[in-house]
Structure formats: C-alpha cells, structure tokens
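The block underneath contains the structure these notes are about, expressed in structure tokens.
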Amino acid sequence: MARSTMEVAFLGTQRFDGEGGVKYIKLFYGDEPDGKTEHGLSIIGMSAADEVADEVFAAGQNFAPLETIRVHFEIARGGQNKGKNLVLHVEAVKPRSAPEAPRAPAAQPQAKA
C-alpha cells in the first residue's frame with residue numbers, strides 16, 4: 024500500500040452507524056472543479072481507516088469551513104485496479120495560535136517627594 028499527503032479545503036466530517044454496529048466515518052473536502060461537470064468547488068468524500076475513525080471524526084470539530092488542512096492517507100488496492108483512499112490523520116496546515124491572555128499593566132515605580 025502506498026501513503027500520500029495532500030492539502031485541501033476542509034468541508035466536514037460525517038459519522039453514521041451501519042448494521043451490526045459498524046461505524047462509517049467520512050471526511051469531506053473541496054477540490055478545484057473540473058469545469059465540465061461542476062463549478063465553484065468540487066466536493067469529495069474519503070472514508071477513514073477503521074483504527075483512526077474516531078480520531079478523524081473528532082478532529083473535524085477543530086477546523087473552520089474551508090480551512091486548509093493536511094490529509095495523510097493510504098491508498099489501498101480497490102476493485103478493478105482502482106485505488107481506495109483511506110484517511111489516516113488530519114491536521115491544520117496553519118495551527119491556530121492560542122488566544123493571548125490580557126496582560127496586566129506593568130507596575131510603575133512611584134516617585135518620592
């Protein structure tokens with residue numbers, strides 16, 4: 024299996040439970056439209072690998088819509104010699120800085136008369 028990384032616009036994560044307790048996690052991201060069948064933003068979904076599904080889903084709450092994220096994924100062999108992409112990890116390209124705490128005014132020495 025091959026592994027790869029790409030940077031894309033985040034759209035969302037989705038979780039749904041199938042029969043028998045099987046859970047499915049999908050990551051949706053935007054890509055450049057092909058100009059033939061779509062304009063604006065192409066929406067693409069990628070399933071998460073079972074062992075990291077909960078982590079990928081939870082990470083979605085940390086990204087703003089259209090924020091650029093880095094997706095690490097694995098390309099497994101699919102049917103008819105096509106690859107099947109599975110998300111392994113997602114992270115913000117530019118992590119948000121923590122909000123700065125308000126600074127207390129510096130103590131000024133008092134002049135003696």
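Each residue of the sequence shown is one higher than the one before, counting from 24 in the numbering used here.
Glycine included, C-beta positions come from ideal geometry on N, C-alpha and C.
By the Cβ-count criterion, residue 50 is buried, with 16 or more other Cβ atoms from all chains shown falling within 10 Å of its own Cβ.
Ranked by how close their Cα comes to the Cα of residue 118, the residues 40, 93, 59 have 93 in first place.
A distance of 8 Å or more separates the beta carbons of residue 47 and residue 33. Within its own chain, the residues whose Cβ lies closer than 6 Å to the Cβ of residue 71, once the five positions on either side in sequence are excluded, are 48, 79, 110, listed in chain order. Taking C-beta separations shorter than 8 Å and ignoring five residues to either side along the sequence, the partners of residue 29 in its chain run 93, 94, 96, following chain order.
Bridge pairing for residue 40: 46 [DSSP].
CA-CA distance, residue 76 to residue 44, rounds to 14 Å. Its Cα nearest to that of residue 88, the residue 31 stands out among 31, 39, 61, 26. Partner residues in a beta bridge of residue 60, as assigned by DSSP, do not exist. Of the candidates 26, 36, 106, 62, the residue whose Cα lies closest to the Cα of residue 85 is 36.
Judged by DSSP in its simplified three-state form, residue 31 adopts strand.
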